[in-house]
DNA sequence: GCCCAGGGGGCTC
DNA sequence: GAGCCCCATGGG
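In my numbering, the protein residues as written are 77 to 304.
Right, here's the structure in full:
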């Protein structure tokens, strides 16, 4: 059973929310990365940090010619740490990038195409076994770099849908993901855009110092009538 | 100057 | 398995 706050929620309700967000924000063209590897690197670096800082770090990596699997695998740790300083916990982030690249080199001969040739369920388990890859990072990699049909949820998803009375504040990652995936049609484009739109809304109303409910495209349907 | 943050690991109980 | 602390910077 879903961990939501008792209010029924149909596919139509979720699609109505999606359409409202899409009308307001337009297509988000996610993920903001030029290559599959850039998406993977971004997914790891964006943990607990805003995208602006990730862009600085990816710029540093590009500037040093490090944005390829072999280079990231071979570069000295200290140099990698220096490049990702803007992304918070830079020593941890460098370790995580090294762990992922080590796995890619050892298991897939550095080929992301080979990795993304694996079935979704087993690849997800495999990714979760790599140091530094938790559920959200694994699913971001699978959806946005691998084009697998898996719905990515995050803290914004919980905050926004709890505010709407559709999810419990205490919903776990798995419960939130189940909530969406059992209601929505399995569709990579829809999953891609939906998460990106939740992010856009989250950035607008969850991070604002003094959020105004009237600026939220969902305000008319917000039962709490309070800022998200 | 203070507070908090889009996540994950590791430890304790 | 839940709860807590750690990582360590930058922006509001």
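Heads up, the beta-carbon is just placed ideally off N, CA and C, and yes, glycines get one too.
Close Cβ partners of residue i (< 7 Å) along its chain, the five nearest in sequence each way excluded
{"i": "residue 177", "result": "145, 148 and 149"}
{"i": "residue 300", "result": "Any reading at residue 300 is ruled out, since the residue's pLDDT is 43, under 50, leaving its predicted position unreliable."}
{"i": "residue 159", "result": "133, 136, 137, 140 and 142"}
{"i": "residue 222", "result": "192"}
From the options, residue whose alpha carbon lies closest to that of residue i
{"i": "residue 166", "options": "125, 228 and 260", "result": "125"}
{"i": "residue 120", "options": "277, 243, 254 and 211", "result": "211"}
{"i": "residue 269", "options": "107, 111 and 184", "result": "107"}
{"i": "residue 116", "options": "214, 232, 161 and 92", "result": "214"}
{"i": "residue 276", "options": "261, 162, 199 and 294", "result": "294"}
{"i": "residue 207", "options": "219, 122 and 168", "result": "168"}
{"i": "residue 172", "options": "189, 188, 242 and 122", "result": "122"}
Buried versus exposed call for residue i [16 or more other C-beta atoms within 10 Å across all chains shown]
{"i": "residue 86", "result": "exposed"}
{"i": "residue 246", "result": "exposed"}
{"i": "residue 128", "result": "exposed"}
{"i": "residue 250", "result": "exposed"}
{"i": "residue 224", "result": "buried"}
{"i": "residue 233", "result": "buried"}
{"i": "residue 271", "result": "buried"}
{"i": "residue 218", "result": "buried"}
Run of the alpha helix (DSSP H) containing residue i, from where it starts to where it stops
{"i": "residue 196", "result": "196-204"}
{"i": "residue 216", "result": "211-216"}
{"i": "residue 249", "result": "249-257"}
{"i": "residue 335", "result": "This structure does not reach residue 335, given that the chain is present from 77 up to 304, and the question cannot be answered."}
{"i": "residue 281", "result": "Neither: residue 281 is in no alpha helix (DSSP H) and is coded neither H nor E."}
{"i": "residue 238", "result": "231-239"}
{"i": "residue 189", "result": "188-191"}
Nonlocal neighbours in the same chain, by C-beta distance under 8 Å from residue i, ignoring five residues either side
{"i": "residue 273", "result": "94, 97, 98, 101 and 104"}
{"i": "residue 285", "result": "Only weak support exists for where residue 285 lies, its pLDDT of 44 falling under 50; the coordinates are left without a value."}
{"i": "residue 174", "result": "148, 149, 153 and 156"}
{"i": "residue 227", "result": "215, 219, 253, 256, 257, 260, 267, 270 and 271"}
Other residues of its chain near residue i: CB distance less than 6 Å, five sequence neighbours each side excluded
{"i": "residue 77", "result": "Reliability of the predicted coordinates at residue 77 is poor, the pLDDT of 46 falling under 50, and the value obtained from them is presented with this limitation in mind. Counting only Cβ-Cβ distances below 6 Å, and skipping sequence neighbours, we find nothing."}
{"i": "residue 230", "result": "212"}
{"i": "residue 183", "result": "none"}
{"i": "residue 179", "result": "206"}
Requested in this report: Would you list, in sequence order, the uninterrupted alpha helix (DSSP H) runs of no fewer than 4 residues that lie entirely inside the stretch 115-186?
Outcome: Entirely contained in the stretch 115-186, the alpha helix (DSSP H) runs reaching 4 residues are, in chain order, 127-139, 145-150, 153-159 and 166-184.
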